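Q: Handing you a structure now.
Residue numbers (our numbering), protein chains in the order written: chain A, 107 to 407; chain B, -8 to 151.
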């Protein structure tokens, strides 16, 4: 077939010229990008669109889930026995700690009541599965199988059994996107359990490493220190483990020490996480110690 | 004889849709950064072989759906798909004549442009990732091009 023009579509019923279609759609794309960045109302349009994407995401997720289920149902007896023994041992240990914890909680509540403040404790939690869907290899984001219909909201804290996992960055109808604390765009206010030092832990893009860029060389921080969430910014409940300091480098000439920490949550191995609801602590307390640097707890989009 | 226009249209839609699904299938970590843009390669292939069927609208919609699937800024991949589809339309008379390696090289250039658009909009929206491995899909896509052509030609011949 020999065509003489570049535009090789049929001459009859050709529709608008190629260049015009291109220009229109290009302008629409750019307008969409700007609107998506600037105006939260576009979230509703995205909501409808993600409803169309949901079946595809479930379809991709399903075979993996079925495989897990299959391997789970046909696990051999000795492995189950082994697992059972381990779990029993862990439960015994946990119960032991819980006995002490009950007394502590009671004491804590009494103390808090005195201050008329019982906020900051996770009140309700919802288990969400991480869907087997790859969003972007360069961003630490996961898709959770709970969305607006389950009451998930933007900025909600996500925890796993070992510590803080991340926060919800986008809410769709049946799904939600969570950003991990290790994402390079995420920052979380933390406090050292040992010295009480407050600072900010920033993600690095490596699931095993957080960076603490605002620690001065004189600061009281050493490897092995546990970093807890402070609850500042109202996104994360206070007092949950975030990371353990792995490295503190104090160069004599520098103002800030090079500090790295390893997240306690199993960021790259988790299959299930917890979405928590809690009453954020009352923010401006007159007698409160000076707040951590002003960087927000949240992540931009 | 080539398959009817209707069959080819269906094949076009299905192959691009399959490429979109494969864009979010989990891959092992070492392979993940090099995931080829199969949907875009399918769009290029169909524009080259059936320019009367493969227009800009469906390419744009596919890109938009990819944005939604992967939770990106709306319109980012849509613009990338659109630009590549438009250029392929413009160049298709020439590109059809190229020997396969030459064709793979032009596909490489189109992919570079596509990823540059993604990279650029990423930077504008504050998601800049500047590692070298974000350009790996360009290479894997170009290397895969001869296979795509072979697979596509087999497919269209069989469904005659």
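The C-beta atom is built at its ideal place from N, Cα and C for all residues, glycine as well. Given the structure is predicted, the values throughout are model-derived calculations rather than measurements.
Checking 7 angstroms against the spacing of the C-beta atoms, do residue 91 of chain B and residue 239 of chain A come in under that value?
A: Within the second chain, the letter at position 100 stands for residue 91 of chain B. Within the first chain, the letter at position 133 stands for residue 239 of chain A. No, these two residues do not count as a Cβ contact at 7 angstroms.
Q: How is the beta strand (DSSP E) around residue 365 of chain A delimited, first residue to last?
A: As a working mapping, residue 365 of chain A is identified with position 259 in the first chain. 364 to 369 is the span of the beta strand (DSSP E), which, as asked, contains residue 365 of chain A.
Q: Check for me: the beta strand (DSSP E) holding residue 283 of chain A runs from which residue to which?
A: Reading the first chain from its first residue, position 177 is the one you call residue 283 of chain A. That run of the beta strand (DSSP E) goes 282 to 286.
Q: Which word fits residue 28 of chain B, buried or exposed, when buried means at least 16 other C-beta atoms lie within 10 angstroms of its C-beta?
A: Along the second chain, read from residue 1 onward, the residue named residue 28 of chain B stands at position 37. Classification for residue 28 of chain B: buried.
Q: How many angstroms separate the CA atom of residue 150 of chain A from the CA atom of residue 276 of chain A?
A: Taking the first residue of the first chain as position 1, residue 150 of chain A is located at position 44. Taking the first residue of the first chain as position 1, residue 276 of chain A is located at position 170. Those two C-alpha atoms are separated by around 11 angstroms.
Q: Taking all protein chains shown into account, decide if residue 408 of chain A is buried (16 or more other Cβ within 10 angstroms of its Cβ) or exposed.
A: In this structure chain A extends from 107 to 407, so residue 408 of chain A is not present and cannot be described.
Q: Whole angstroms are fine: how far does the CA of residue 51 of chain B sit from the CA of residue 178 of chain A?
A: Counting from one through the first chain, the residue named residue 178 of chain A turns up at place 72. Counting from one through the second chain, the residue named residue 51 of chain B turns up at place 60. Taking the straight line joining both Cα atoms gives about 42 angstroms.
Q: Of the residues that make up the stretch 132 to 155 of chain A, which ones have a beta carbon closer than 8 angstroms to any beta carbon in chain B?
A: Residues 132, 134, 135, 136, 137, 138, 139, 141, 142, 143, 148, 151, 152 and 155.
Q: Examine chain B for any beta-carbon lying closer than 7 angstroms to the beta-carbon of residue 312 of chain A, and answer yes or no.
A: Taking the first chain and counting its residues from 1, one reaches residue 312 of chain A at position 206. Chain B, which has no Cβ nearer than 7 angstroms to the Cβ of residue 312 of chain A, makes this no.
Q: Would you be able to state if there are at least three C-beta pairs under 8 angstroms between the stretch 318 to 326 of chain A and the stretch 268 to 286 of chain A?
A: The stretch 268 to 286 of chain A, when compared against the stretch 318 to 326 of chain A, does not touch it at the 8 angstroms Cβ threshold.
Q: Could you check whether residue 261 of chain A and residue 371 of chain A sit closer than 7 angstroms to each other, using their CB atoms as the reference points?
A: In the first chain, residue 371 of chain A corresponds to position 265, counting from 1. In the first chain, residue 261 of chain A corresponds to position 155, counting from 1. Not in contact: residue 371 of chain A and residue 261 of chain A (Cβ atoms no closer than 7 angstroms).
Q: Select from the stretch 272 to 285 of chain A all residues with a C-beta closer than 7 angstroms to any C-beta belonging to chain B, and list them in chain order.
A: Residues passing the 7 angstroms Cβ filter: 276 and 283.
Q: Mapping the DSSP letters down to three states, classify residue 235 of chain A as helix, strand or coil.
A: Here residue 235 of chain A refers to the residue found at position 129 of the first chain. Residue 235 of chain A: strand per DSSP, three-state reduction.
Q: Within 10 angstroms of the Cβ of residue 55 of chain B, are there 16 or more other Cβ atoms? Answer buried if so, exposed if not.
A: Reading the second chain from its first residue, position 64 is the one you call residue 55 of chain B. Residue 55 of chain B comes out buried.
Q: Straight-line CA distance for residue 298 of chain A to residue 337 of chain A?
A: Taking the first residue of the first chain as position 1, residue 298 of chain A is located at position 192. Taking the first residue of the first chain as position 1, residue 337 of chain A is located at position 231. Spanning the two alpha carbons is a distance of roughly 13 angstroms.
Q: Note down, one range per segment and in chain order, each alpha helix (DSSP H) of at least 4 residues found wholly within the stretch 6 to 55 of chain B.
A: As far as the stretch 6 to 55 of chain B is concerned, its whole alpha helix (DSSP H) runs of at least 4 residues are 29 to 40.
Q: Name the chain B residues whose beta carbon is nearer than 7 angstroms to that of residue 242 of chain A?
A: Position 136 of the first chain, counting from 1, holds the residue named residue 242 of chain A. Here the neighbours are 61.
Q: Do the CB positions of residue 381 of chain A and residue 258 of chain A come within less than 7 angstroms of each other?
A: On the first chain, position 275 is the one that residue 381 of chain A refers to. On the first chain, position 152 is the one that residue 258 of chain A refers to. Against a cut-off of 7 angstroms, the Cβ pair of residue 258 of chain A and residue 381 of chain A comes out as a contact.
Q: Which residue comes first and which comes last in the alpha helix (DSSP H) that contains residue 308 of chain A?
A: Counting from one through the first chain, the residue named residue 308 of chain A turns up at place 202. From DSSP, residue 308 of chain A is part of no alpha helix (DSSP H) but of the beta strand (DSSP E) over 304 to 309.
Q: For a cutoff of 7 angstroms on Cβ pairs, would you count residue 379 of chain A as touching chain B?
A: The residue given as residue 379 of chain A occupies position 273 in the first chain. No, residue 379 of chain A does not count as interfacial toward chain B.
Q: Between B/80, B/143, B/131 and B/71, which lies nearest to residue 109 of chain B when the distance is taken from Cα to Cα?
A: Counting from one through the second chain, the residue named residue 109 of chain B turns up at place 118. It is B/71.
Q: Could you check whether residue 142 of chain A and residue 115 of chain B sit closer than 7 angstroms to each other, using their CB atoms as the reference points?
A: Translated into positions along the second chain, residue 115 of chain B becomes position 124. Translated into positions along the first chain, residue 142 of chain A becomes position 36. No. Outside cutoff.
Q: Just tell me which of A/241, A/135 and A/208 has its CA closest to the CA of residue 11 of chain B.
A: For the purposes of this step, residue 11 of chain B is taken as the residue at position 20 of the second chain. When only C-alpha atoms are compared, the closest one is A/241.
Q: Suppose the cutoff is 7 angstroms on Cβ atoms and the five residues either side in sequence are ignored; what does the same chain contact list for residue 170 of chain A look like?
A: Sequence index remark: in the first chain, residue 170 of chain A carries index 64 (1-based). Result list for residue 170 of chain A: 238, in chain order.
Q: Excluding the 5 residues preceding and the 5 following residue 235 of chain A in the sequence, name in chain order all residues of the same chain whose CB lies nearer than 6 angstroms to its CB.
A: Here residue 235 of chain A is taken as the residue at index 129 of the first chain, counted from 1. Excluding positions up to five away in sequence, the list reads 251 and 378.
Q: For a cutoff of 7 angstroms on Cβ pairs, would you count residue 201 of chain A as touching chain B?
A: For this step, residue 201 of chain A is matched to residue 95 along the first chain. False, the Cβ-Cβ gap to chain B never drops below 7 angstroms.
Q: Which of helix, strand or coil does DSSP assign to residue 372 of chain A?
A: Along the first chain, one-based indexing puts residue 372 of chain A at 266. Of the three classes helix, strand and coil, the one that applies to residue 372 of chain A here is coil, per DSSP.
Q: If we ignore side chains and look at the alpha-carbon of each, how far apart do residue 95 of chain B and residue 82 of chain B end up?
A: On the second chain, residue 95 of chain B is found 104 positions in, with the first residue counted as 1. On the second chain, residue 82 of chain B is found 91 positions in, with the first residue counted as 1. Their backbone Cα atoms lie some 14 angstroms apart in a straight line.
Q: Can a CB atom of chain A be found closer than 7 angstroms to the CB of residue 23 of chain B?
A: Walking along the second chain from the start, residue 23 of chain B turns up at place 32. Taking Cβ atoms only, chain A reaches closer than 7 angstroms to residue 23 of chain B, which makes this a yes.
Q: With three or more beta-carbon pairs closer than 8 angstroms as the criterion, would you say the stretch 133 to 148 of chain B touches the stretch 29 to 48 of chain B?
A: Result yes; three or more Cβ-Cβ pairs closer than 8 angstroms.
Q: So does the stretch 39 to 49 of chain B actually touch the stretch 184 to 199 of chain A, counting three or more Cβ pairs closer than 8 angstroms?
A: No, because fewer than three Cβ pairs between the stretch 39 to 49 of chain B and the stretch 184 to 199 of chain A fall closer than 8 angstroms, the two stretches do not touch.
Q: Just verifying my parser: in three-state terms, what is the DSSP assignment at residue 360 of chain A?
A: Your numbering for residue 360 of chain A matches position 254 in the first chain. Correct three-state label for residue 360 of chain A: coil.
Q: Taking the Cβ atom as the reference point for each residue, do residue 73 of chain B and residue 131 of chain A lie within a distance shorter than 7 angstroms?
A: Sequence index remark: in the second chain, residue 73 of chain B carries index 82 (1-based). Sequence index remark: in the first chain, residue 131 of chain A carries index 25 (1-based). Result yes, Cβ atoms of residue 73 of chain B and residue 131 of chain A sit closer than 7 angstroms.
Q: In angstroms with no decimal places, state the Cα-to-Cα distance between residue 129 of chain B and residue 106 of chain B.
A: Position 138 of the second chain, counted from the first residue, corresponds to residue 129 of chain B. Position 115 of the second chain, counted from the first residue, corresponds to residue 106 of chain B. So the alpha carbons of these two residues sit roughly 7 angstroms apart.
Q: Using the beta-carbon count (16 or more within 10 Å), is residue 205 of chain A buried or exposed?
A: Here residue 205 of chain A refers to the residue found at position 99 of the first chain. Exposed, by the Cβ-count rule.
Q: Please check the pair residue 373 of chain A and residue 286 of chain A, which I expect to be a contact at CB under 8 angstroms, by giving their CB distance rounded to whole angstroms.
A: Position 267 of the first chain, counting from 1, holds the residue named residue 373 of chain A. Position 180 of the first chain, counting from 1, holds the residue named residue 286 of chain A. Right, the Cβ-Cβ distance comes to about 5 angstroms (below 8 angstroms), so this counts as a contact.
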